[in-house]
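First the structure, in the form of structure tokens, and then the observations on it.
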Amino acid sequence: MCEFKNILTAHIFLEIFKYVRPTSDYLLTKQLDFISVWRMVENTTKDNKQIAFKNIIEAKQFAVDMNDNLSNLEIPKNVFIEDKFQESRRVKKKRKQFDENTKNESFTQPIVKFRVQTFQQIIDQLNMSFKERFSANKELIAVAQFLFFIKLHVYFQ
-15 MCEFKNILTA
-5 HIFLEIFKYV
5 RPTSDYLLTK
15 QLDFISVWRM
25 VENTTKDNKQ
35 IAFKNIIEAK
45 QFAVDMNDNL
55 SNLEIPKNVF
65 IEDKFQESRR
75 VKKKRKQFDE
85 NTKNESFTQP
95 IVKFRVQTFQ
105 QIIDQLNMSF
115 KERFSANKEL
125 IAVAQFLFFI
135 KLHVYFQ
């Protein structure tokens, strides 16, 4: 059995890779232009903010299609892919102090729980990683590009 949240997480990462891959491939080239890299990183950062939680339909259809394929292969019935979230009934109870008024947190729908606890966490981590690795080094990239142009100028004289 493969849980639906694993399928949905994989679809989320496929969506992320569509935006990140061109920049990643360009960063691996030998003769890269730092200004172009900077523009690509900025565009990728903007694109990452456009990733929406729409993969549920694609993931559900993928699970249904895979289950059809598995049933055609005459694989045992205990091997299947879930096509929806399992309902959970557990309510998270907060500890409260003697003078606090707190409410127990519960997500009524598993899809909302997944969106908040998994999807948003993935997107937040992605945005923070781009910020830490590239935005913090903006001046360093500009200096490196300047030095690269000086080196080219001296080389071609």
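In our numbering, the protein residues as written are -15 to 141. For glycine and all other residues, C-beta sits at the position ideal for the given N, C-alpha and C. From a predicted model like this one, the values you see are computed outputs, not experimental measurements.
Best match in the options for proximity to residue i [C-alpha to C-alpha]
i, options, result
"I106", "M50, V127, A36, F140", "A36"
"I151", "R23, F1, E116, K(-11)", "No answer is possible for residue 151: it lies beyond the span of the chain, which begins at -15 and ends at 141."
"N32", "L54, V4, K14", "V4"
"M24", "D9, A43, L131", "D9"
"L11", "Q101, D108, F118, F140", "F118"
Alpha-carbon spacing of residue i relative to residue j, whole angstroms
i, j, result
"E26", "F103", "22 Å"
"D52", "S20", "46 Å"
"Q129", "E71", "54 Å"
"E116", "E123", "13 Å"
"H(-5)", "A43", "6 Å"
"Q93", "L(-2)", "24 Å"
"L16", "T7", "11 Å"
"V127", "V100", "40 Å"
"I0", "N121", "23 Å"
"K2", "M50", "23 Å"
"M112", "Q34", "15 Å"
"D108", "N56", "40 Å"
"R194", "P60", "Within the shown structure, residues of the chain are numbered from -15 to 141, placing residue 194 beyond reach of any answer."
Anticipated Cβ contact below 8 Å, residue i with residue j, distance rounded
i, j, result
"N39", "L(-8)", "6 Å"
"C(-14)", "E66", "7 Å"
"F98", "F69", "7 Å"
"F132", "F18", "7 Å"
Check whether residue i and residue j have beta carbons under 8 Å apart
i, j, result
"V48", "L54", "no"
"Q114", "T29", "It should be noted that the sequence gives Phe, not Gln, for residue 114. Result yes, Cβ atoms of F114 and T29 sit closer than 8 Å."
"I95", "W22", "no"
Collapsed DSSP secondary structure at residue i in the structure displayed
i, result
"K35", "It is worth fixing the name first, because residue 35 is Ile in this sequence and not Lys. Here I35 sits in coil by DSSP."
"Q(-9)", "The question names Gln, but residue -9 is Ile in the sequence shown. In the structure shown, I(-9) sits in a helix (DSSP, three-state: H, G or I)."
"I(-4)", "helix"
"I65", "strand"
8 Å Cβ cutoff, residue i in contact with chain C
i, result
"N51", "This model lacks chain C altogether; it includes just one protein chain."
Near the ligand ATP: residue i beta-carbon under 7 Å from a heavy atom
i, result
"L110", "By its list of ligands, the structure shown contains no ligand whatsoever, and the ligand ATP lies outside what it can speak to."
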